[in-house]
Amino acid sequence: MLTDEALAAVWLTLRLASVTTILLFLVGTPIAWWLARTRSWLKAPVGALVALPLVLPPTVIGFYLLVVMGPQGPIGQLTQALGLGVLPFTFRGLVVGSVIYSMPFVVQPLQNAFDAIGERPLEVAATLRAGPWDRFFTVVLPLARPGFITAGILGFAHTVGEFGVVLMIGGNIPDKTRVVSVQIYDHVEALEYTQAHWLSAGMLAFSFAVLLALHASGSGKRKSGGK
Amino acid sequence: MQSIHARFRVAHDGFTLDVDLLLPGRGVSALFGASGSGKTTCLRAIAGLEHAPGGTLSVNGEVWQDDSRGLFVPTHQRPLGYVFQEASLFPHLSIRRNLEYGMRRVPERDRKVSLDHAVELLGIAPLLERMPDWLSGGEKQRVAIARALATSPRILLMDEPLAALDLARKQEILPYLERLHDELEIPLIYVSHAPDEVARLADHLVVLEQGRAVASGPLGETLARLDLPIRLGEDAGVVLEGEIAEIDQAWHLARVAFAGGSLWVRDSGVPIRQHVRVRILARDISIALEPHADSSILNVLPATVEELADDTHPALALVKLNAAGAPLVARITRRSAARLVLRQGLAVWAQIKAVALVG
Amino acid sequence: MHHCRFIFAYIASLLAGAASAADVRVAVAANFTAPMQAIAAAFEKDTGHKARLAFGSTGKFYAQIRHGAPFQVLLAADDETPARLEREGMSVPGTCFTYAVGRLALWSAQAGVVDARGEVLKQGGYKHVAIANPKLAPYGAAAVEVMQRLGVVEAVRPKLVQGENIAQAWQFVASGNAELGFVALSQVTQDGKLTGGSAWIVPAHLHTPIRQDAAILTNGRGNPAAGALMDYLRSDKAKAVIRAYGYDI
């Protein structure tokens, strides 16, 4: 069935997707919040920038990441100055790439959720003595929970399915950057169709399960929401 | 320093609010006006939900905003209670947790209103363990009021709390608001465009029009001003305060005694000595030079003409009467006024066709 | 109406183009992109036939051809794939020949990093060595072979980063993310000269020759343009171009 190599790739993929999702929540939540609330002219450009990975071929993102995170690139210079070395061919590099690549899948559901909450619950909380952080944690977070669930699932699943970016900045190193999608690609390229099938079928089942969970939770919500 | 002083100038999108209000430090002050008159903006500015640059606000001696000194206390640091038009309960919290939300954020030493008291005042004890989704509009609004009260506010602000409710729900809540009025020591600022609510609840009336306060004063006095009925239209009228002096069981009538005499109203079960308000609309008062014993009108009061003014329609005139100290306003035709030769100081009889007990 | 007619005409022109007998659809291994463009231009000028080129990985082309892709000629990056296609009856028997022999170079984008004898591999002092995936790319397999011959394969293994193909291996080195790497000589030379950085041209005897074979596919049977292209690739004119790009032949 699955070789050790394949299992290592699965494990690595899950690790990557988990770390990425956590980081995406940390980075994406303030961005989504800002996008949902701001009236600044920067809203449109920032929104567009965040959404770029939706339309850009992943290889383009990967290529630019390879260049800017490389030793001569601006980010590469920075990470070297900070003593972190350069990011391509490292797990950390993949995390950075995945965070950028999956950003819209987290930011947009969150932004929608924040938009849907509106100003009123926050104003109510303010009149009930809750300060800005307090309001965020006790009102916004619970009310945006469905948005967070959607964002988490999409961010995680999208990272699992990521290929182009990893291909460009990963270097195909076992246990470090060889994720499932790359492994599948290798198998297909090497005409090892049986192995490719096992992993591909696994991915297919996983993706279906994720989307099923997403849709099921959505319809469940509708049912209990009606009164 | 038991007063509220608010001076705001807010201008946005072609709308300007420009008010300088001095409100009593207790009782109910109504901000009355049509929609778009700026009453909600004014209330939001008092709450700090809207920052009116250059404004000043002090509440019973505490300064919450003075932009000349760069002082602006954010909403969450102002000890106020705010009730929005829609109840806006937190849907993810039970009624109890909704009520506790604000209270828990108030330091223990500042908690003067217990949760039980707030629950009891609004009669919501049976609802505590439910989720907001399962409450009716009226129940939600009562919870919202209790939630605001439970923070032991030093001022209570209400933005048309009844406007989103149907008549039956309004009737359900009004008695609770009256209780607040009677039992609370703190000032309440009540925004409304419904004259009946104002007549029932307010002690002090501010009339807003296009962002300006065109009148501000004690309710009875302000309602009796002749420049206001024009603005109030069909709802023009006065409110008198008195108490139930007598009940006529045979005819199911109650006599309300007030400074200038007494009036018979339908007995609605209000006990004797109870303090009540009656509202008399200008259109329900007619004027006679003689007391007519042969008419069906029950309430006829002796009065003197104080002032005459034109109404909006050229056929109508407004007459301010003084019934032994109680101000009344009558709306009659100008032809009648001419026929009776009404003038200041003339002794007349005010025939009152309808009196409403408003609380 | 007007639009419909226009779209119809456009589709018809596409179909007509695809059916033209003087056209040949060629699948070209990515590493041979530059020389093949030059050769195709000359071929079209000299013969009047038209070569429609698609560039990509040999493995992918194989899968596509197996599943009915309409290529008529394959210029592979190896000799295995054309042989396999012939065994499977997917190519015209007897048409297979070696059109180029790839040469490997150990290259760095920076001058002075790679010495003329490749000693740098043994000395260390680098973090990453890029190669093409040895499982997929003949250049990758050859690179591993070279390292085995030099006895450094175990030392270098932890530093290996793999591109999916030789083009990506080049990219890793060109962007500076890998200090050095095994690339195709054709990628770093032009007219017999190094285009930049420093390189060691790996002696051909250190690895099995990287034969790149071409074959006419069953789809191209009877297409005069396909035969003409195969002949043209064997011509001295084409060979000169191929050599200029760093291949042996």
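Residue numbers (the numbering used here), protein chains in the order written: chain A, 8 to 234; chain B, 46 to 404; chain C, 9 to 257.
Ideal placement from N, C-alpha and C gives every residue a C-beta, glycine not left out.
Just so we're clear, the structure is a prediction, and the values are computed from it rather than from any experiment.
Within 8 angstroms, strictly: CB atoms of residue i and residue j
i, j, result
"C:Tyr-134", "C:Leu-188", "yes"
"B:Leu-277", "B:Pro-240", "yes"
"C:Asn-141", "A:Asp-193", "yes"
"B:Thr-101", "B:Arg-52", "yes"
"A:Ala-13", "C:Leu-144", "no"
"C:Val-34", "C:Ile-224", "no"
"A:Thr-2", "A:Val-75", "This structure cannot settle anything about residue 2 of chain A, because the visible part of chain A is limited to 8 through 234."
"B:Ala-281", "B:Ala-327", "yes"
"A:Ala-16", "A:Val-187", "yes"
"C:Val-122", "C:Ser-206", "yes"
"C:Val-137", "C:Ile-218", "no"
"A:Ala-55", "A:Val-114", "no"
"B:Arg-192", "A:Leu-72", "no"
"C:Leu-83", "C:Gln-220", "yes"
"C:Pro-90", "C:Val-249", "no"
"B:Val-386", "B:Val-364", "no"
"A:Asn-235", "C:Val-169", "Outside the shown range of chain A, which is 8 to 234, sits residue 235 of chain A, and nothing can be said about it."
Where the alpha helix (DSSP H) through residue i begins and ends
i, result
"C:Lys-247", "244-252"
"C:Gln-80", "It is not in any alpha helix (DSSP H) - C:Gln-80 carries neither H nor E in the DSSP assignment."
"C:Phe-105", "That residue, C:Phe-105, is in no alpha helix (DSSP H); its beta strand (DSSP E) goes 105-110."
"A:Pro-116", "98-124"
"A:Pro-139", "139-142"
"C:Phe-69", "66-74"
"B:Ala-368", "Segment 361-368 is the beta strand (DSSP E) holding B:Ala-368; no alpha helix (DSSP H) there."
Distance between beta carbons of residue j and residue i, contact taken as under 8 angstroms
i, j, result
"B:Val-310", "B:Leu-285", "11 angstroms between Cβ atoms; not a contact."
"A:Pro-52", "A:Pro-111", "Contact flag wrong, Cβ pair sits at about 14 angstroms."
"B:Phe-77", "B:Val-243", "5 angstroms"
"B:Ala-362", "B:Leu-353", "6 angstroms"
"C:Tyr-240", "C:Thr-55", "7 angstroms"
"B:Leu-250", "B:Leu-233", "In fact, because the Cβ distance is near 13 angstroms, the residues do not count as touching under 8 angstroms."
"B:Asp-248", "B:Pro-69", "7 angstroms"
Span of the beta strand (DSSP E) around residue i
i, result
"B:Met-203", "200-204"
"B:Ser-103", "101-104"
"B:Glu-230", "Run containing B:Glu-230: none; DSSP gives neither H nor E here."
"B:Ser-307", "306-311"
"B:Pro-347", "344-355"
"B:Asp-111", "107-111"
"C:Gly-171", "168-171"
"B:Gly-262", "257-263"
"B:Glu-286", "282-293"
"B:Ser-74", "73-77"
"B:Ser-139", "That residue, B:Ser-139, is in no beta strand (DSSP E); it is neither H nor E in DSSP."
Residue i CB to nearest heavy atom of the ligand ZN below 7 angstroms
i, result
"C:Pro-101", "Ligands displayed in this structure: none; no statement on the ligand ZN is therefore possible."
Per-residue burial, residue i [other beta carbons within 10 Å of its own, 16 or more giving buried]
i, result
"B:Asp-272", "exposed"
"B:Thr-357", "exposed"
"C:Val-181", "buried"
"B:Ser-313", "exposed"
"B:Glu-217", "buried"
"B:Val-108", "exposed"
"B:Arg-270", "buried"
"C:Ala-29", "Its pLDDT being 46, under 50, C:Ala-29 is placed unreliably in this model, and the value from its coordinates should be taken loosely. With fewer than 16 Cβ atoms within 10 Å of its Cβ, C:Ala-29 is classed as exposed."
"B:Lys-185", "buried"
"A:Val-131", "buried"
"C:Trp-115", "buried"
"C:His-215", "buried"
"A:Trp-140", "exposed"
"B:Ser-237", "buried"
"B:Trp-296", "exposed"
"C:Arg-74", "exposed"
"C:Gln-176", "buried"
Beta-ladder partner(s) of residue i, from DSSP
i, result
"B:Arg-54", "B:Asp-63"
"C:Ala-223", "C:Leu-82"
"B:Ile-332", "B:Ala-395"
"B:Leu-273", "According to DSSP, which records beta bridges pairwise, B:Leu-273 is partnered with nothing at all."
"A:Ile-160", "For A:Ile-160, which the question treats as bridged, DSSP gives no partner whatsoever."
"B:Arg-300", "B:Glu-291 and B:Trp-309"
"C:Gln-198", "C:Lys-201"
In chain order, what residues of the region 139-152 of chain A put their CB closer than 9 angstroms to some CB of chain F?
No chain F is part of this structure, whose protein chains are labelled A, B and C.
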